[in-house]
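S.K.:
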Amino acid sequence: MALNCGIVGLPNVGKSTIFSSLSNAPAQAANYPFCTIEPNHGIVNVPDDRLDRLDSIIPAEKKVYASMEFVDIAGLVEGASKGEGLGNKFLANIRQTGMIAHVVRCFHDDDVIHVAGKVDPVRDIEVINLELILADLESVNHRLEKNQKFLRNPDKKISEKAKTENPVLEKMKAHLEQGKAARELSLESEEVQLLYELFLITMKKEILVCNVDEAGIKQDNDLVAAVKKHAAEHNIPVIVLCGKLEADISQLDSEEDRQMFLQEAGITMTGLQQLTTASYRMLGLRTFFTVGGSENRAWTFKEGDTAPKAAGCIHSDFEKGFIRAEAYNCQDLFDLGSEAEIKAKGRLRQEGKDYLVQDGDVLFFKFNT
4 MALNCGIVGL PNVGKSTIFS SLSNAPAQAA NYPFCTIEPN HGIVNVPDDR LDRLDSIIPA
64 EKKVYASMEF VDIAGLVEGA SKGEGLGNKF LANIRQTGMI AHVVRCFHDD DVIHVAGKVD
124 PVRDIEVINL ELILADLESV NHRLEKNQKF LRNPDKKISE KAKTENPVLE KMKAHLEQGK
184 AARELSLESE EVQLLYELFL ITMKKEILVC NVDEAGIKQD NDLVAAVKKH AAEHNIPVIV
244 LCGKLEADIS QLDSEEDRQM FLQEAGITMT GLQQLTTASY RMLGLRTFFT VGGSENRAWT
304 FKEGDTAPKA AGCIHSDFEK GFIRAEAYNC QDLFDLGSEA EIKAKGRLRQ EGKDYLVQDG
364 DVLFFKFNT
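When we follow the numbering used here, the leftmost residue of the sequence shown carries the number 4, and every step to the right adds one.
(1) Exposed or buried, which one is P62 when buried takes at least 16 other CB atoms within 10 Å?
(2) Please name the residue in P50, K159 and Q181 whose C-alpha comes closest to that of L140.
(3) For I128 and V107, which I take to be in contact (beta-carbon distance under 8 Å), what is that distance rounded to the nearest angstrom?
(4) Would you mind sorting V115 into buried or exposed? The rule is 16 or more other CB atoms within 10 Å of its CB.
(5) Excluding sequence positions up to five away, which residues of its chain have a Cβ less than 6 Å from the Cβ of G287?
(6) List the DSSP bridge partners of Y331.
(7) Roughly how many angstroms separate the alpha carbons of E342 and L336, rounded to a whole number?
(8) On the three-state DSSP scale, how would you describe M272?
(9) Output yes or no for whether 8 Å exceeds the beta carbon distance between I97 and G12.
(10) I'd like to know whether the C-beta atoms of D357 and N332 end up nearer to each other than 8 Å.
(11) Of the choices G246, T280, Q266 and V125, whose alpha-carbon is the least far from that of V47?
(12) Any idea if T293 is buried or exposed, counting beta-carbon neighbours within 10 angstroms, 16 or more meaning buried?
(13) For Q276, collect the residues of the same chain with a Cβ closer than 6 Å to its Cβ; drop the 5 residues on either side in sequence, then sort them by chain order.
(14) Round the Cβ separation of I326 and N371 to the nearest angstrom and send it over; I've been treating them as touching at under 8 Å.
(15) Check the C-beta distance from V74 over to G17 and give it rounded, since I have them as a contact under 8 Å.
(16) Assuming A5 and T100 make a contact with CB atoms under 8 Å, what is their CB distance in whole Å?
(17) Buried or exposed: which applies to A229, given that a residue is buried once 16 or more other Cβ atoms fall within 10 Å of its Cβ?
(18) Excluding five sequence neighbours on each side, which residues of the same chain lie with their C-beta closer than 6 Å to the C-beta of N144?
(19) Compare the Cα-Cα distances from D320 to each of A268, Q222, F368 and E193 and report the closest residue.
(20) In this structure, does DSSP put G101 in helix, strand or coil?
(21) Return the residue from the list L197, G324, L188 and E217 that minimises the CA-CA distance to E163.
(22) For I210, is the classification buried or exposed, using 16 other Cβ atoms within 10 angstroms of its Cβ as the cut-off for buried?
(23) Whole angstroms are fine: how far does the CA of M175 sit from the CA of R300?
(24) So what does V212 bridge to, in DSSP terms?
(25) Nearest to V227 by alpha carbon, out of K221, E217, C213 and V195?
(26) Among A138, L133, P170 and V125, which residue has its Cα nearest to the Cα of L147?
(27) Starting from the C-beta of R261, find all residues in its chain whose C-beta is less than 6 Å away, skip the five residues before and the five after it, and write them out in chain order.
(28) Under 8 Å between the Cβ atoms of A268 and L248?
(29) Could you check if N238 is buried or exposed, using at least 16 other CB atoms within 10 Å of its CB as the buried criterion?
(30) Under the three-state reduction of DSSP, which class applies to H237: helix, strand or coil?
(31) Residues in the same chain with beta-carbon distance under 6 Å from L94, minus the five sequence neighbours each way, listed in chain order, please.
(32) Could you check the C-alpha separation between G295 and G340 for me, to the nearest Å?
(33) Let me know if V195 comes out buried or exposed under the rule of 16 or more other beta-carbons within 10 Å of its beta-carbon.
(34) Taking only the alpha-carbon atoms, compute the straight-line gap between F202 and V241 and give it to the nearest angstrom.
(35) Using C-beta distances below 8 Å, list every residue in its chain close to I270, excluding the 5 sequence neighbours before and after it, in chain order.
(36) I think A184 touches S24, with their Cβ atoms under 8 Å apart; what is that distance to the nearest whole Å?
Next up, the structure:
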């Protein structure tokens with residue numbers, strides 16, 4: 004699975020403004036549909052106050068946050084699954100992402116065109132969801148058609164694979180035909196694996212991003228309330244942010260200026276910081292730290308990775324020659340105040356090849372060269 008997040012939505016909902024604010028990477032934004040054609044890619048730091056606290060206790064010359072990729076994808080319109088607008092291109096691009104951040108417009112502004120002529124975020128969500136479901140249904144039907152030929156193949160491996168797949172495909176087909184996303188179908192892990200090759204779009208995790216005006220930041224408006232009700236029914240998380248406000252914050256020169264702006268706006272954490280953190284975790288990404296020397300750094304690993312696999316995030320030689328890892332949790336350092344106290348209290352652990360790295364671990368790897 005790709006470890007990035009695709010930003011999707013109808014044209015003119017604020018996707019490109021949000022992307023540019025997230026990544027400080029220029030993405031064209033204009034008051035007309037299909038302003039974005041080719042996907043824009045941006046690498047975004049994952050905010051983590053644990054790294055800040057570690058750096059205050061064990062200072063280093065450099066502090067490096069974990070990061071992840073966001074992709075700004077062309078706006079989708081009704082009929083995209085049949086090739087309308089930039090539909091085919093959009094669908095190809097979104098298949099290559101790990102999850103979806105679906106931006107919906109939750110503000111009224113006569114100066115900003117809405118492709119449907121009226122702001123209705125739940126309808127907009129359903130338009131895009133239906134197009135993605137129809138695209139997935141086409142993929143399932145295509146595989147079922149191919150399997151009819153594979154069932155007659157003299158190669159037993161091919162025919163048996165088709166025979167095993169078909170019941171799962173039929174189950175998914177019936178589900179999609181009800182207008183339901185693939186992720187909402189209860190499947191065994193073996194069944195999920197059988198469907199993996201199809202890269203079903205609606206199997207991806209999704210987060211809804213309500214783009215509001217500045218008044219909508221402090222109190223949910225009726226449009227946001229409707230989105231949250233819809234999201235609760237489908238077990239989808241929601242982030243509320245103001246794209247215009249986020250753009251203003253991203254243009255400020257210093258962290259001090261940004262913090263002052265947030266305080267004046269009555270915000271403790273920007274919507275984009277919330278989106279980045281939520282997306283990172285939904286992708287199954289977690290963080291371990293290395294401290295001391297010239298650099299304190301947050302490293303990204305997949306939940307469930309062993310210590311050698313985590314060591315490989317730093318360098319492949321660390322994984323190949325892994326001996327052991329010295330480990331403690333960052334909270335131990337916050338509680339005790341120094342690595343010397345961690346050792347004195349017996350909190351420093353020696354972990355081997357089977358150790359499953361935990362989010363927040365501070366690690367030092369021993370390895371053979």
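Note that beta-carbon positions come from the ideal geometry of N, C-alpha and C, so glycine has one too.
M.R.: So, from the listed chains and residues:
(1) Residue 62 sits at position 59 when you count from the first residue of the sequence shown. Under this definition P62 is an exposed residue.
(2) Looking up residue 140 in the sequence shown gives position 137. With distances taken between Cα atoms, L140 lies closest to Q181.
(3) As a working note, residue 128 is residue 125 in the sequence shown. As a working note, residue 107 is residue 104 in the sequence shown. At roughly 6 Å, the Cβ-Cβ gap stays under 8 Å, so I128 and V107 are in contact.
(4) By 1-based counting over the sequence shown, the position of residue 115 is 112. Counting Cβ neighbours within 10 Å, V115 comes out exposed, since fewer than 16 surround it.
(5) On the sequence shown, residue 287 is found 284 positions in, with the first residue counted as 1. Taken in chain order, the residues that qualify are K305 and E306.
(6) Along the sequence shown, read from residue 1 onward, the residue named residue 331 stands at position 328. Note: Y331 sits in a beta bridge opposite V365.
(7) Taking the first residue of the sequence shown as 1, we reach residue 342 at position 339. Taking the first residue of the sequence shown as 1, we reach residue 336 at position 333. Looking at the two C-alpha atoms, the distance is approximately 7 Å.
(8) The residue you call residue 272 lines up with position 269 of the sequence shown. Here M272 sits in coil by DSSP.
(9) Indexing the sequence shown from 1 puts residue 97 at position 94. Indexing the sequence shown from 1 puts residue 12 at position 9. Result no, Cβ atoms of I97 and G12 do not sit closer than 8 Å.
(10) Along the sequence shown, read from residue 1 onward, the residue named residue 357 stands at position 354. Along the sequence shown, read from residue 1 onward, the residue named residue 332 stands at position 329. No.
(11) Locating residue 47 in the sequence shown gives position 44, where the first residue counts as 1. When only C-alpha atoms are compared, the closest one is T280.
(12) Here residue 293 refers to the residue found at position 290 when the sequence shown is read from its first residue. Buried, since its Cβ has 16 or more Cβ neighbours within 10 Å.
(13) By one-based count along the sequence shown, residue 276 stands at place 273. So the qualifying residues of the chain are P50.
(14) Taking the sequence shown and counting its residues from 1, one reaches residue 326 at position 323. Taking the sequence shown and counting its residues from 1, one reaches residue 371 at position 368. Rounded, the Cβ-Cβ distance is 6 Å, consistent with contact.
(15) On the sequence shown, residue 74 is found 71 positions in, with the first residue counted as 1. On the sequence shown, residue 17 is found 14 positions in, with the first residue counted as 1. Not confirmed; about 16 Å, so no contact.
(16) The residue you call residue 5 lines up with position 2 of the sequence shown. The residue you call residue 100 lines up with position 97 of the sequence shown. Going by Cβ atoms, the distance from A5 to T100 rounds to 6 Å, so yes, they are a contact pair.
(17) Here residue 229 refers to the residue found at position 226 of the sequence shown. So A229 ends up on the buried side.
(18) Position 141 of the sequence shown, counted from the first residue, corresponds to residue 144. If we look at N144 and ignore the five residues flanking it on each side, it has no Cβ neighbours.
(19) The residue given as residue 320 occupies position 317 in the sequence shown. Nearest C-alpha to D320: F368.
(20) On the sequence shown, position 98 is the one that residue 101 refers to. Looking at G101 - three-state DSSP - the assignment turns out to be coil, as it is neither helix nor strand.
(21) Residue 163 sits at position 160 when you count from the first residue of the sequence shown. With distances taken between Cα atoms, E163 lies closest to L197.
(22) Along the sequence shown, read from residue 1 onward, the residue named residue 210 stands at position 207. Counting Cβ neighbours within 10 Å, I210 comes out buried, since at least 16 surround it.
(23) What you label residue 300 is simply residue 297 of the sequence shown in a count that begins at 1. What you label residue 175 is simply residue 172 of the sequence shown in a count that begins at 1. Rounded to the nearest angstrom, the two C-alpha atoms are 43 Å apart.
(24) Within the sequence shown, numbered from 1, the residue matching residue 212 stands at position 209. V106 and I242, per the DSSP bridge assignment.
(25) As a position in the sequence shown, residue 227 is number 224, starting the count at 1. Considering only alpha carbons, the answer is C213.
(26) The count along the sequence shown starts at 1 and reaches residue 147 at position 144. Of the candidates A138, L133, P170 and V125, the one whose C-alpha sits nearest the C-alpha of L147 is P170.
(27) Taking the first residue of the sequence shown as 1, we reach residue 261 at position 258. The answer, listed in chain order, is I252 and L255.
(28) Counted from its first residue, the sequence shown places residue 268 at position 265. Counted from its first residue, the sequence shown places residue 248 at position 245. In this structure, L248 lies closer than 8 Å to A268 by Cβ.
(29) What you label residue 238 is simply residue 235 of the sequence shown in a count that begins at 1. N238 is exposed by the Cβ-count criterion.
(30) Residue numbering aside, residue 237 sits at position 234 when the sequence shown is read from its first letter. In this structure, H237 counts as coil in the three-state DSSP scheme.
(31) If you number the sequence shown from 1, residue 94 lands on position 91. Excluding positions up to five away in sequence, the list reads A138.
(32) As a first step, residue 295 must be located in the sequence shown, where it is residue number 292. As a first step, residue 340 must be located in the sequence shown, where it is residue number 337. Near 15 Å, if we compare the C-alpha coordinates of G340 and G295.
(33) Looking up residue 195 in the sequence shown gives position 192. Classification of V195: exposed, given that the 10 Å Cβ count is below 16.
(34) Counted from its first residue, the sequence shown places residue 202 at position 199. Counted from its first residue, the sequence shown places residue 241 at position 238. Answer to the nearest angstrom: the Cα atoms are 24 Å apart.
(35) Taking the first residue of the sequence shown as 1, we reach residue 270 at position 267. Only I220 meet the Cβ criterion.
(36) Along the sequence shown, one-based indexing puts residue 184 at 181. Along the sequence shown, one-based indexing puts residue 24 at 21. Wrong, their Cβ atoms sit about 28 Å apart, outside the cutoff.
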